[in-house]
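Asks:
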Amino acid sequence: MLTKYVDPGNKVEVVVKDKNEPDGKKTYESRVYDVLSDEEFEIHMPMEKTKLILLPVDGVFDFYFYTTNGLYQCLARVKDRYKSGLTFILLCEPTTNLRKYQRREYYRFSCVLKMASRKLQADELEAAQRNESFYRDGLPMDHSLIEDISGGGVRFVSEKKYDPGTLIYLTYKLVVMGKEKEYDITGKILDSYELPDKPGQFEHRAKYLNMENGVREEIIRYIFEEERKNRQRRNGS
0 MLTKYVDPGN
10 KVEVVVKDKN
20 EPDGKKTYES
30 RVYDVLSDEE
40 FEIHMPMEKT
50 KLILLPVDGV
60 FDFYFYTTNG
70 LYQCLARVKD
80 RYKSGLTFIL
90 LCEPTTNLRK
100 YQRREYYRFS
110 CVLKMASRKL
120 QADELEAAQR
130 NESFYRDGLP
140 MDHSLIEDIS
150 GGGVRFVSEK
160 KYDPGTLIYL
170 TYKLVVMGKE
180 KEYDITGKIL
190 DSYELPDKPG
200 QFEHRAKYLN
210 MENGVREEII
220 RYIFEEERKN
230 RQRRNGS
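Have a look at this one:
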């Protein structure tokens, strides 16, 4: 299964249990280095804030592979850690069968999009607790850039720091099926840190709250449309 669907260079996400995270897990991004067989594959050792993530040998983690045929998932054990030239590698073996993963909102699309945001006011927080969406007009907004987007949330960079757990109002525009539309969304900050090479710039991860399925489907449609355009450009068509 691995040799049939997974290729070197494919994006891979490794999900690790982490009690310090709001949702109890931590996701690290990497790339497939090589597929040795259906029983073994290599990935670049994940990094965070320029630091290598030394996943323990014999640890079993959730792996998500972003392939040209879609998103695939399996559990895999880290067999070894080593260095090849200047590249740090994890050797892994699947402990479950590779399967097509249907959670489309999980896919994160790298992009550069303008976004504005601010903390929710007291009355907006009360509405959010009732699973309602209510936003006051005319309040100052913090401007930022989205670095990746999914049907479940965004990763963005801003000069404003939001602490984990903060509820924010965020707004951005997408072109879906040829039409530009503005999206007004409630988000919850999951993670925040200052970029080591850009003092005063903060990277945040936020997940959407109280989102209607129709809005989520439009965002996913945008991602698929942009991914298709990127593939066409890469293939020269």
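The opening position of the sequence shown corresponds to residue 0 in numbering that gives the first Met the number 0, with each subsequent residue numbered one higher.
Ideal Cβ positions, reconstructed from N, Cα and C, are used throughout, including at glycine.
As the structure is a prediction and not an experimental result, all values here were calculated from the model.
(1) CB-CB under 8 Å to Val-5, same chain, minus the five flanking residues each way: which ones, in chain order?
(2) Going by DSSP, which residues form a beta bridge with Tyr-182?
(3) Where in the region 105-134 do unbroken runs of the alpha helix (DSSP H), each at least 4 residues long, occur, reported from the N-terminal end onward?
(4) To the nearest angstrom, how far is it from the Cα of Thr-170 to the Cα of Glu-125?
(5) Would you report the Cα separation of Lys-113 and Glu-216, rounded to the nearest angstrom?
(6) Could you tell me which of Asp-190, Leu-173, Leu-166 sits nearest to Asn-130, measuring between CA atoms?
(7) Restricting to Cα atoms, I'd like to know which of Val-59, Leu-1, Lys-228 is closest to Ala-75.
(8) Check each candidate in Pro-163, Lys-3, Thr-185, Asp-79 and name the one with the smallest Cα separation from Ser-191.
(9) Is there contact here, the region 41-57 with the region 76-90, by at least three beta-carbon pairs under 8 Å?
(10) Under a three-way DSSP split, which group does Pro-97 fall into?
(11) Under 9 Å between the Cβ atoms of Glu-225 and Met-176?
(12) Would you list the one or two residues that DSSP bridges to Ile-145?
(13) Give every residue of the same chain whose Cβ lies closer than 8 Å to the Cβ of Val-56, excluding the five residues on either side of it in the sequence, and list them in chain order.
(14) Reducing DSSP to helix, strand and coil, say where Leu-247 ends up.
(15) If the criterion is Cβ atoms closer than 9 Å, does the pair Glu-146 and Phe-155 meet it?
(16) Give the secondary structure of Gly-84 by DSSP, where H, G and I count as helix, E and B as strand, and everything else as coil.
(17) The beta strand (DSSP E) with Lys-24 in it runs from where to where?
(18) Helix, strand or coil: which one does DSSP assign to Gly-69?
Replies: According to the structure data:
(1) Val-31, Val-34, Phe-40, Phe-64, Thr-66, Tyr-71, Leu-97
(2) Tyr-171
(3) 121-128
(4) 19 Å
(5) 20 Å
(6) Leu-166
(7) Val-59
(8) Pro-163
(9) yes
(10) Looking at the sequence shown, residue 97 is not Pro but Leu. Coil, per DSSP.
(11) no
(12) Leu-112, Phe-155
(13) Val-77, Lys-78, Asp-79, Arg-80
(14) Beyond the ends of the chain as shown, which are 0 and 236, falls residue 247; an answer cannot be given.
(15) yes
(16) coil
(17) 24-34
(18) strand
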